[in-house]
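Here the structure comes first, spelled out in structure tokens, and everything after it is commentary.
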Amino acid sequence: MTPERRKPYPFDLIEPKWQGRWETAGTFHAPNPGDAGFDPSKPKYYVLDMFPYPSGAGLHVGHPEGYTATDIVARARRMQGYNVLHPMGWDAFGLPAEQHAIKTGEHPAIQTQRNVDNFRRQLKAIGFAYDWAREVNTTDPGYYRWTQWIFLQIYHSWYDPETQRAEPISTYTGADPDSVRLAFVAEVAVNWCPDLGTVLANEEVVDGKSEVGGFPVVRRPMRQWMLRITQYTERLIKELDGLDWPESIKLLQRNWIGRSEGAEVDFTIAGSGQKIPVFTTRPDTLYGATYMVLAPEHPLVAEITTPEQRTAVDDYLLKTGRKSDLERTDLAKDKSGVWTGAYAVNPVNNEKIPVWIADYVLTGYGTGAIMAVPAHDERDWEFAAKFNLPIREVVSPEPRLGLGGESPCSAQPLECFGGEGYAIHSGPLDGLPTVDAKAEITRLLEKQGLGRKTINYKLRDWLFSRQRYWGEPFPVVWEGGAHRAIDESELPLDPPALEDFKPTGSGEPPLARATDWVRYSEAATRETNTMPQWAGSCWYYLRYCDPQNAERFISPEAESYWMGGRSQVSSASPSIMESAGLPRSSDEVAHAELGPVIGEEESISAAPAGSVSDSPQRTPHGGVDLYVGGTEHAVLHLLYARFWHKVLFDLGHVSTPEPFQKLVNQGIILGEDGQKMSKSRGNVVNPDDVISQYGADAFRCYEMFMGPLEQMKPWNMNGVEGVSRFLARVWRLAMEENQAGEWIVSSAVQEVEPSSAVRKAVHATIKKVKHDIEALSFNTAISQMMILVNALIPATPRPRTAVRALLQVLNPFAPHITEELWERLGFDSSGDGLANEPWPTWNEEFLIEDEVEIPVQVNGKLRDKIVVKKDAAAAEIEQAALASAKVQEHTTGKTVRKVVVVPGKLVNIVAG
RNA sequence: GCUCGAGUGGUGGAAUUGGCAGACACGUACGUUUGAGGGGCGUAUGGCGCAAGCCGUGCGGGUUCAAGUCCCGCCUCGAGCACCA
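Taking the numbering used here, I'd label the letters of the first sequence as residues 119 to 1030.
What follows is the structure in structure tokens.
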């Protein structure tokens, strides 16, 4: 015996062997339509992982959780007769590489390459069935060339309110096209992070700190590139409906977009006549407005402030201006504000109400001004209480009579009522339920030109420029204060070579240091900002479909096949470009059902009659069929990518309005201590260690056996051990050691008919594993296979057909050991491995027992079990149940009042 | 504060949607194997009880022949949003 611990089976030899074979044979390469080896008779299935940022730390066990799940689905679908697209790549632009470059002076590309190589090595060691020929890297010129190209499409477009879609800017007939482009430059108050030396999108700021690094973020007006995502708010909300996504993620997106219906009401400043519109979702409470509040940054503050109040107002502005976003939200409980000295006139009753400024009113939402109705809004209530402002009740929770009339209510309500009810003290609205009061007052205001129905959104335009080196340069130059796009033929626009990657600190991007690069011509200079990291990930799923294409970001044929909802037969390229009509209806997408594609292969004990083999179905919708990744991108990547996709759809470059049809979030994996894994806690588990100790198959199976994919769960090495024991039992099912200590095929495996119990277990397993994979319930699939193995171990001789079926269904989970046994047992007649075998079929007949054991309850308590024929009549079952000695024991002295018989399930006798 | 989601043995988790709670594993105990074991095989393992039996899915009510599952009210934990007018 070797001094070191013996391996339960030689995974250290067989895993590299099969990984090498798959690579040389190109087993998992998916040809495109038109390529050699492409089979047009099969339907497509696109399984996508969220590609990783290749960090220096390498893979941790969280990454492969989702990757293993998609790998199992991809392998199973392949066996079930689909053309499967299952690619991997690298989201390689980003801050960590740049910060490393700043520290060491090493070019970010060098470090990135090193990290990518390490990630690729780690992923290959797990045995994933990726089509590595489709690998993409967002930092390759051949990739970011098209990121820049897509930016140009966005730049050259505008959102036509008539057609409700993006159109070429040439169709815009107004005077200033730059004012409507989907990519535009604006001087806005942005999130400036001094420590990172860059601006950040709203989505990248969490609690007033940068999402990356946790550095403080301040508001600062700067001139930046923006993308007009707000034009797509309605579609981004509405088109969520048809998606097979977790409701919680849809909700997160809806909340982030933050649609609210209401009205804009024009108040007038007394004296000056200056109009100030306010946004309210409760126009029905207009009669209860007792003061008005402007955001401190509101442009009219200076103009309306009276001389007497000037010092107080200036003081307040100074104080709030100094506050960071964090402080402003942190101090939310304590309201602050100051009176401007001005009065506004309420348009419905001409009442003069004071105008205050307060930082609880935000400049970025609505009109930056509100009417305050303290009786019916908590925040206004607090503010009014603090500054002693009048409170007037205009909504009653109950319909009340006799409280109408013009005269305002003088009694101060005791508490704030924010709910819906019935209007009171509100002139023409009196008595109306809130819903009707809203409609009525809006109608009245519109009639008099004093207000209008409005829909407001929290979503802001996407701040799209960063002051970084390691990102895509903008294909834009400046001349005479105006921007213009460079020509497509000048792409890719590479970033300049630099020695010093440090941010300049002033907000001037590092690219500005490359003076030669910046000079574009005598008169023009290049844009020196770069795109945010999200740019590359907005469309990588498209590039996978056609990664080498040097002519286009994706060919229409590849797009139509892998992403399209249409039949690939009618996908002649012109139809894409001529998509002048509205988005295609899903009816047009329907196509002929395909017949069974799988050959009626002998799978297990010969019984094709009644055997079940669901033939693959073409998905009725387009896009990625399954997308698995973490929740952290719910409002970042997933919103941005949908936006880009819709623009590309409008412009006719892609054929579906949504990119990801089905989305699943994997839960995070915690350390063994139940804490989040982190270097500082020292509880990080490295896949490399697990693989060298237990093998890749055990690693994969454990990741899936831990629990439901979507759940958060702690890592436990003992669990890996358990799964590894299971795989060792599978090995010994087929193999035994000879005198010399070599593994040889077990003599117990023989060409015999399985017993009906074994046959049932086999067929039940084939069925359950298939369904569980479809439901992404991998943990229960594995336990079913454990049950089968437990049933097979004591069966000697072991029927070859049973072992064969087990290897087939286990293959997607543990591909190496199953391939090896498949080969050693001589099942591999074709010579191209188990991965190319079809999924086995099962026979429902074998799942049904002649006799069933059913529980008998007395008053809901289990007392006995009886065995009856599977199709026994209810009366017969009742007889048998009542005849049971145990039942009689519990019913003596009582009368049987009722007997509930659920045939095949249970009997419950009610006695008392 | 608001909005979601979740609470089941010592542990991770099952339970075909109202029908035998605790599948499958981990751990533990005992037995067994050619000597050994971080190996293999077997048995047991929700709690209380010698037992018959009783009690058991966060807590309290309810519906039902029957509730982990449905309804009402709480508690705890997790996630997201957070002055969004």
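A virtual CB, placed ideally from N, CA and C, is assigned to each residue, including glycine.
For VAL330 and THR622, I'd like the C-alpha separation in whole angstroms. Straight through space, the alpha carbons of THR622 and VAL330 are spaced by roughly 19 Å.
List the whole-angstrom C-beta distance separating LEU611 from PRO593, where the pair is believed to meet the contact cut-off of C-beta under 8 Å. With a beta-carbon spacing of about 5 Å, LEU611 and PRO593 fall inside the 8 Å limit used to define contacts.
Since PHE269 is in the alpha helix (DSSP H), which residue starts that stretch and which ends it? First-last of the alpha helix (DSSP H) with PHE269: 259–273.
At which residue ranges does the segment 323–404 contain complete beta strand (DSSP E) runs of 3 or more residues, listed in the order of the chain? Within the segment 323–404, complete beta strand (DSSP E) segments of at least 3 residues are found at 336–345, 378–387 and 393–398, given in chain order.
Integer Cβ distance of PHE896 from MET822, believed to fall under 8 Å: Indeed they touch by this definition, with Cβ atoms about 4 Å apart.
Between which two residues does the beta strand (DSSP E) containing LYS571 stretch? Per DSSP, the continuous beta strand (DSSP E) segment holding LYS571 begins and ends at 569–574.
Give me, in chain order, the residues of the same chain whose beta-carbon lies closer than 8 Å to that of LYS886; leave out the 5 immediate sequence neighbours on both sides. Only THR898, ALA899 and GLN902 meet the Cβ criterion.
Taking all protein chains shown into account, decide if PHE619 is buried (16 or more other Cβ within 10 angstroms of its Cβ) or exposed. Buried, because 16 or more other Cβ atoms sit within 10 Å of the Cβ of PHE619.
Per-residue DSSP class, three states only, for HIS218: In this structure, HIS218 counts as helix in the three-state DSSP scheme.
Which complete beta strand (DSSP E) runs does the segment 133–174 hold, if anything under 3 residues is left out? Correct list: 162–167.
Relative to the C-alpha of TRP374, which candidate in ASP579, LYS571 and PRO182 has its C-alpha closest? Looking at the Cα atoms, ASP579 is the closest of the given residues.
Can we say the segment 810–829 touches the segment 861–878, given the rule of at least three CB pairs closer than 8 Å? The segment 810–829 vs the segment 861–878: no contact.
Straight-line Cα distance separating ALA852 from ILE911: Their Cα atoms are separated by approximately 10 Å.
Could you tell me whether the Cβ atoms of LEU404 and ILE220 are closer together than 7 Å? Between LEU404 and ILE220, the CB-CB gap reaches or exceeds 7 Å.
Report the three-state DSSP secondary structure of THR648 (helix, strand or coil). Here THR648 sits in strand by DSSP.
Per-residue DSSP class, three states only, for ARG736: Since pLDDT at ARG736 reaches only 48, below the 50 mark, its modelled position is unreliable, and no value is offered.
Let me know the secondary structure DSSP gives HIS416 once reduced to three states. Secondary structure of HIS416 (DSSP, three-state): coil.
Under the DSSP definition of a beta bridge, which residues are partnered with TYR277? Secondary-structure assignment with DSSP links TYR277 through a beta bridge to ALA284.
When DSSP labels each residue in this structure, what does PRO973 get in the three-state scheme? Three-state DSSP puts PRO973 in a strand.
Quick check on the burial criterion: 16 or more other C-beta atoms within 10 angstroms. Buried or exposed for GLY1030? Per the 10 Å Cβ criterion, exposed.
The alpha helix (DSSP H) enclosing SER239, as first and last residue numbers: The identity of residue 239 in the sequence shown is Arg, whereas the question assumes Ser. ARG239: member of the alpha helix (DSSP H) spanning 226–244, first to last residue.
Can you give the beta carbon distance from ALA992 to VAL1019, rounded, assuming they're within the 8 Å contact cut? The beta-carbon distance between ALA992 and VAL1019, rounded to whole angstroms, is 4 Å. This is short enough to meet the 8 Å contact definition.
For ASN977, which residues of its own chain have a beta-carbon under 7 Å away from its beta-carbon, when the five flanking residues on both sides are left out? For ASN977, where only same-chain residues beyond five positions count, the Cβ hits under 7 Å are VAL1028 and ALA1029.
Runs of alpha helix (DSSP H) wholly within the segment 472–548 (minimum 4 residues, chain order): Scanning the segment 472–548 from its first residue to its last, the whole alpha helix (DSSP H) runs of 4-plus residues come out as 496–505.
Sort GLY439, LEU563, ARG338 and GLU511 by Cα distance to ALA541 and report the nearest one. The candidate whose alpha carbon is nearest that of ALA541 is GLU511.
Helix, strand or coil for GLY840 per DSSP? Reduced to three states, the DSSP call for GLY840 is helix.
Of the choices TYR248, GLY180, ARG232 and GLY789, whose alpha-carbon is the least far from that of GLU141? It is TYR248 whose Cα lies nearest to the Cα of GLU141.
Quick check: does the Cβ of LYS987 come within less than 6 Å of any heavy atom belonging to the ligand GDP? Absent from the structure shown: the ligand GDP. Ligands present: none.
Taking the Cβ atom as the reference point for each residue, do GLY207 and TYR658 lie within a distance shorter than 7 Å? It is a contact, given that the beta carbons lie within the stated cut-off.
Is TRP657 helix, strand or coil by DSSP? Note: TRP657 maps to coil in three-state DSSP.
Drop a sphere of 10 angstroms on the beta-carbon of GLY800, count the other beta-carbons inside from all chains shown, and report buried for 16 or more, exposed for fewer. It counts as exposed.
In terms of DSSP beta bridges, what is MET853 paired with? MET853 is bridged by DSSP to VAL863.
Identify which residue in ARG584, ASN464 and GLY536 has its Cα closest to the Cα of LEU568. The shortest Cα separation from LEU568 among ARG584, ASN464 and GLY536 belongs to ASN464.
Does DSSP classify CYS311 as helix, strand or coil? DSSP places CYS311 within a strand segment (E or B) once states are collapsed to three.
State the DSSP-derived secondary structure class of THR1063, mapped to helix, strand or coil. Any property of residue 1063 remains undetermined from this structure, which presents the chain solely from 119 to 1030.
If you reduce the DSSP assignment to three classes, tell me which class GLY184 lands in. In the structure shown, GLY184 sits in a helix (DSSP, three-state: H, G or I).
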